[in-house]
Each structure stands twice: as C-alpha cells, then as structure tokens.
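Enquirer: Add 172 to a position in the sequence shown, counting from 1, and you land on the number used in this note's numbering. Just so it is clear, CB atoms sit at the ideal spot from N, CA and C, and this is done for glycine as well.
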Amino acid sequence: MIARWFGSWSILAIVLLGWMLRGVLWLRDPAVWHDESALIMNVLNLSFSEMLGPLLYYEAAPPAFLAVERAVALAWNDGTHALRLIPLLASGLSLTLFAHLAATRLPLRAAFWMVLLFATSDRLLWHSVEAKPYAIDTLNGVIVTMLGLAAIERRFVPACLTLALLAPMMLWLSFPSCFLFGGVMVAMLPRIWRERSQPGGWGRIAAYGTLVATVGISFLALYFGPIRAQRCDAMDSCWTQMFPNWSKPATIPFWTLVSTFEVVRYVAMPTGQILTILVGIGAVQLWRRGEAATVVLLLGPMALVLVAAAIHSYPYGCARVIVFLAPALLLLMGAALLPTQEFLARRHAWLPHLLTLLLLVPIGQGVWRTIDLWPRADTASAVEYVLLHREPGERVAVNQWDYDYYFRNLPNVMISWKGEPIDGDASIWLIVSGQPRPDTQMIDRWAGDTWEVVDRQQFEFTEVRRLVRKRPPSTTGESLLP
C-alpha cells in the first residue's frame with residue numbers, strides 16, 4: 173500500500189533519503205544567520221498580541237508562524253533544535269505529499285527525477301533547518317496544488333470547501349499563500365462557467381463563493397493588519413533589484429525575462445536557469461493536451477507575483493520568498509522531461525545525457541550540503557569560545573545582530589559595535605563577522621596603540637579577539653575611528 177501511494181519503491185526510497193538529509197542537517201545544527209536571528213528575537217521578546225503589529229529588526233513574518241514558534245519555545249525551550257522543528261517537519265511533509273502528487277501526475281521516470289530534485293534541492297534543504305516560514309510556504313504550495321487539481325478535474329465541491337476551511341490558517345502562516353489561492357481561484361473559473369447549468373452547478377458556485385469569501389476576508393484582515401504594520405522602507409530597500417525600474421521602461425522586458433529564469437534557478441541551483449526551458453515546454457505540453465486549467469493553476473501564482481512586483485509589493489526573482497513556487501515548477505519540468513529527452517535523442521544520442529547531467533548537478537549539490545554546510549558566519553562557535561574563556565565582568569562587542577540570539581540570556585554582556593570607541597573597559601572581547609571575510613584591518617586601526625591583542629581566534633567568516641587596554645580607560649570619549 174505504501175509503495176502504491178508513492179507509485180514505486182524507488183520514489184519511496186527518495187522520500188526516505190530526503191527525510192534523512194533533513195534530519196542530518198537538523199542534527200548538525202547550522203549557525204543561526206542574520207534574518208533568522210531577527211525572527212527568533214521577535215518570537216522570544218514579543219507577546220502573542222504584539223506579533224500583530226510592527227516587528228523588531230525591520231523583520232516581516234506571518235503572525236501565526238510567529239505564534240507557533242513562540243508556543244514551541246514556551247512548551248519546550250528556545251534552543252535552535254526546538255525552534256527549527258516546525259520547519260523541519262513541514263519540509264519533510266511537503267516532500268512526502270509532493271512525491272504522491274508527482275507519482276499520480278507524471279510518468280514514473282519523470283516523477284522519479286522531480287521527487288529527487290525536490291528531496292535534494294539546496295534551497296529546500298536550507299529552509300528545512302532554519303526558524304523561518306519558508307518551509308511552510310512550500311508545504312502550502314503542495315497542498316493548494318493537490319486540492320486545486322482535485323477541484324478542476326474531479327471532486328470540485330469537497331476540494332473547494334477544504335481549501336476554504338484551510339485558507340485562514342494558511343494565509344496567516346504564510347504570506348505568499350495569497351498568490352496560491354489567487355491562482356487556484358482563477359483556474360477554477362472555467363469549470364464553474366462550463367458546468368453552471370449542469371446538475372450540481374449551483375452547489376459548485378456556492379462552494380466557490382465560500383472559498384472566495386473566506387480567502388478575501390482572511391487576506392484583507394492580514395493585509396490591513398500585520399502586513400501593513402510590518403512593512404517599512406528598510407525592508408523595501410533589501411528587494412530593490414527584485415522590482416522593475418519603471419523610470420527606465422525599456423529595461424522591463426529584459427528584467428522580466430531574467431527574473432523569471434532566476435525564479436527557477438532558486439528552485440534547482442545551480443542549473444535552474446537552463447531548466448527554465450523545461451518549465452516552458454511542460455506548460456505547452458499540458459496546454460496542447462487540453463489541460464489549460466492545470467497550466468493556469470501551476471503558473472497563475474507566479475504570474476500574480478510578477479504583477480505584485482510590478483507595483484513594488486512583492487519580490488520577483490532568485491529569492492527565498494518565492495520558494496512556494498517550487499512544487500508547481502517541478503511538476504511542469506516533469507511534464508516536459510520525457511518528451512524533451514525523446515526530442516534530443518532524435519537529434520543526437522548524447523544529448524539526453526546532457527539533460528540528465530543538468531538534473532544531477534543540483535541533486536549532487538544538495539546532497540553535498542549534508543557534508544559541507546552552506547557558507548555562513550560561524551557565529552555559534554565564536555560565541556561558544558568567548559563564553560568559555562571570558563572573565564567575569566568582561567563585555568563582548570559584536571558587529572551584527574546575528575549574535576543577539578546567542579547572548580539572549582546575557583543582555584548586559586553584549587554590546588553592539590560598529591567601530592566606535594569603547595570607554596571604561598580594561599579588557600573586552602570583539603566578535604566581528606563579514607563576507608567574504610571580516611575587516612581585520614579596520615579592527616587593527618581601531619585598536620591602534622590603545623589595545624593589545626591577547627587572544628585571537630578565527631572561525632568561518634568570523635574573527636574573535638580579546639583585547640586588553642594598554643593605558644587607563646579614556647574618559648574623554650575621544651574617537652578612535654580612522
């Protein structure tokens with residue numbers, strides 16, 4: 173029965189592999205990174221009601237996801253394993269459901285490759301072990317796609333009402349779910365119109381109206397509440413390259429094309445840009461088979477994101493906020509895989525092997541991440557070293573808010589440091605992170621003749637120094653900046 177649900181034992185084996193990769197990464201416990209630390213600090217420091225308003229650190233996150241994370245922290249603990257448990261489970265569940273979806277929608281060989289891509293995707297693995305909502309985004313993408321396909325092809329009313337029931341929870345757990353529901357509601361319209369006068373037509377219209385009303389009310393409450401409260405200029409500035417530049421209209425077509433290729437690259441790094449061609453071929457294949465509604469269901473959310481980007485409301489490109497499109501894009505790739513292989517084989521015997529190589533590269537990269545973690549500042553090891561060797565009373569100066577999480581229980585020890593003079597300390601620890609490497613020359617200039625380095629340690633993208641003052645602490649506040 174289990175093998176039948178997945179289509180074959182080989183796909184079941186891939187699902188188990190995907191769960192294993194996620195579990196290994198969760199146990200390896202990668203260091204908390206910049207945005208993840210910001211979200212966690214909101215989870216730990218805000219009450220449930222405060223999560224509906226502006227967040228700390230210019231952060232944006234669905235309030236229900238914040239609430240779930242806070243509940244986990246209160247019920248279990250505020251360690252990284254606890255805070256990353258919900259994303260881990262969501263990622264594994266999305267893989268399991270996608271495997272079933274692919275096995276029922278695609279030829280077995282195509283399903284094998286697409287499930288393998290999903291299981292080993294570099295970005296999907298990343299999001300499975302971080303306290304961020306992107307694994308929930310992907311899970312919602314799979315669920316809405318499954319129910320949407322059921323609605324447009326088979327049992328319209330049950331699938332539509334199930335979506336209506338899930339909509340409030342999904343929208344408040346995952347901001348981009350609004351695009352998923354927008355796409356599925358557009359895809360349902362042809363069947364509503366075509367069967368309006370058939371038996372059960374009014375029942376389908378009523379179910380559809382219930383879905384539209386539920387999604388509309390939930391989204392409006394979310395938009396005019398938490399979304400507007402969280403949006404700020406600092407956040408928008410991070411996504412400038414993900415918006416079209418309307419002051420230069422001639423650049424818009426090229427920006428749209430490049431950004432679309434970048435969307436697919438995010439799903440299948442590093443060869444996703446080339447695999448974008450498969451997405452287009454898959455859409456054409458389905459359309460020619462009379463499955464236009466399926467194409468709208470799969471590509472509709474992507475089109476809505478593009479519209480939102482056009483009005484500078486949501487990023488479009490190679491960004492983590494579009495990972496919810498992964499299930500639909502992989503299904504379209506799968507629809508094109510076998511026809512493309514057959515076409516290439518007619519041209520030359522070695523060409524299908526080239527396509528296989530393009531699929532193997534992202535698979536290999538994802539598996540390799542369980543051995544060699546993603547390049548990021550090793551903040552965890554740096555803090556562990558400092559806390560182990562720090563003398564009582566010594567403060568720790570840090571240059572990034574990544575460290576706020578690790579010093580959450582020592583608020584009087586850590587100070588934020590951007591190169592300004594530090595007065596009143598006989599000795600101090602500096603933890604400086606940066607990519608491609610910390611600015612050690614700036615630290616040397618800052619220390620000058622005032623501080624002597626008595627301990628120096630290097631971690632990935634991070635430098636730790638313990639400095640002792642050579643002369644009595646300054647009381648003048650004279651700047652030591654170069």
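1. So for residue 633, helix, strand or coil by DSSP?
2. Quick check: what's the CA-CA separation for residue 395 versus residue 625?
3. Is it the case that the Cβ atoms of residue 538 and residue 266 are separated by a distance below 8 Å?
4. Which value, in whole angstroms, describes the spacing of the CA atoms of residue 287 and residue 263?
5. Pull up the DSSP beta-bridge partners for residue 604, would you.
6. With a cut-off of 8 Å on the beta carbons, I'd call residue 220 and residue 308 a contact; round off their distance for me.
7. Work out the CA separation of residue 190 and residue 542 for me, nearest whole Å.
8. When you compare only the Cα positions, how much space is there between residue 246 and residue 259?
9. Could you tell me which residues DSSP puts in a beta bridge with residue 569?
10. Return the first residue and the last residue of the alpha helix (DSSP H) that residue 270 is part of.
11. Where do the ends of the alpha helix (DSSP H) carrying residue 415 lie?
12. The alpha helix (DSSP H) spanning residue 377 covers which residue range?
13. DSSP on residue 302, reduced to helix/strand/coil?
14. Taking C-beta to C-beta, are residue 642 and residue 618 nearer than 8 Å?
15. By DSSP, does residue 627 sit in helix, in strand, or in coil?
16. Buried or exposed, going by whether 16 or more other CB atoms sit within 10 Å of the CB of residue 426?
17. Would a C-beta distance cut-off of 8 Å place residue 551 and residue 578 closer than the cut-off?
18. Within a Cβ cutoff of 8 Å, which residues of the same chain sit near residue 377, ignoring the five residues on either side of it in sequence?
19. Taking Cβ positions, are residue 601 and residue 298 nearer each other than 8 Å?
20. Under DSSP, the alpha helix (DSSP H) around residue 495 begins and ends at which residues?
21. For the region 513-532 and the region 480-492, state whether three or more C-beta atom pairs, one from each stretch, are separated by less than 8 Å.
22. Taking a contact to mean a Cβ-Cβ separation below 8 Å, would you say residue 428 touches residue 321 in this structure?
23. Given that a residue counts as buried once 16 or more other Cβ atoms are within 10 Å of its Cβ, and exposed if not, what is residue 607?
24. Taking only three categories from DSSP, how would you classify residue 548?
25. Do the region 322-329 and the region 271-282 meet, that is, are 3 or more Cβ pairs less than 8 Å apart?
26. What are the boundary residues of the alpha helix (DSSP H) that residue 563 is part of?
27. Do residue 621 and residue 638 have their C-beta atoms closer together than 8 Å?
28. Should residue 397 and residue 211 be called a contact, given that it needs their Cβ atoms to be closer than 8 Å?
29. Among 451, 503 and 403, which has the Cα closest to the Cα of residue 273?
30. Does the beta-carbon of residue 587 have 16 or more other beta-carbons within 10 angstroms, so that it is buried, or is it exposed?
31. Return the residue from the list 344, 338 and 432 that minimises the CA-CA distance to residue 479.
32. Taking only runs that begin and end inside the region 177-258, name each unbroken alpha helix (DSSP H) of 4 or more residues, in chain order.
33. Report yes if the C-beta distance between residue 323 and residue 360 is below 8 Å; otherwise report no.
34. Report buried or exposed for residue 420, applying the criterion of at least 16 other Cβ atoms within 10 angstroms of its Cβ.
35. By the 10 Å Cβ neighbour count, where 16 or more other Cβ atoms means buried, how is residue 423 classified, buried or exposed?
36. Output the distance between the C-alpha atoms of residue 635 and residue 599, rounded to the nearest integer angstrom.
Expert: Reading it off the structure:
1. Annotated three-state conformation of residue 633 is coil, per DSSP.
2. Near 51 Å, if we compare the C-alpha coordinates of residue 625 and residue 395.
3. The answer is no: Cβ separation not under 8 Å.
4. Computed Cα separation, rounded: 13 Å.
5. Per the DSSP secondary-structure output, residue 604 pairs in a beta bridge with 635.
6. Not a contact, Cβ separation roughly 18 Å.
7. As the crow flies, the alpha-carbon of residue 542 is around 11 Å from that of residue 190.
8. Near 17 Å, if we compare the C-alpha coordinates of residue 259 and residue 246.
9. Note: residue 569 sits in a beta bridge opposite 587 and 602.
10. Under the DSSP assignment, residue 270 falls in the alpha helix (DSSP H) whose first and last residues are 257-277.
11. Where residue 415 is concerned, there is no enclosing alpha helix (DSSP H), because DSSP gives it neither an H nor an E.
12. Its alpha helix (DSSP H) spans residues 373-394.
13. When secondary structure is reduced to three states using DSSP, residue 302 falls in the coil class, being assigned neither helix nor strand.
14. Contact flag unset, no.
15. In the structure shown, residue 627 sits in a strand (DSSP, three-state: E or B).
16. It is exposed - the Cβ of residue 426 has fewer than 16 other Cβ atoms within 10 Å.
17. Yes, the Cβ-Cβ distance between residue 551 and residue 578 is below 8 Å.
18. Correct list, in chain order: 364 and 368.
19. Contact: no.
20. No alpha helix (DSSP H) contains residue 495, which DSSP labels as neither H nor E.
21. Touching, no.
22. No, they are not a contact pair.
23. Per the 10 Å Cβ criterion, exposed.
24. The answer is coil: DSSP assigns residue 548 none of H, G, I, E or B.
25. With the cut-off at 8 Å, the region 322-329 and the region 271-282 do not touch.
26. No residue range can be given for residue 563, since it is assigned to no alpha helix (DSSP H) and is classified by DSSP as neither H nor E.
27. Inclusion of residue 621 and residue 638 in the CB contact set at 8 Å is not warranted, their separation being larger than that value.
28. Not a contact, by the Cβ cut-off of 8 Å.
29. For residue 273, the nearest C-alpha among the options comes from 503.
30. That one is exposed.
31. Selected option, being the one with the closest Cα: 432.
32. Counting only runs of 4 or more residues that sit fully inside the region 177-258, the alpha helix (DSSP H) segments are 181-200, 206-217, 235-247 and 252-255, in chain order.
33. Cβ distance < 8 Å, so residue 323 and residue 360 count as in contact.
34. Exposed.
35. With fewer than 16 other beta carbons inside 10 angstroms of its own, residue 423 counts as exposed.
36. The alpha-carbon atoms of residue 635 and residue 599 are separated by roughly 17 Å.
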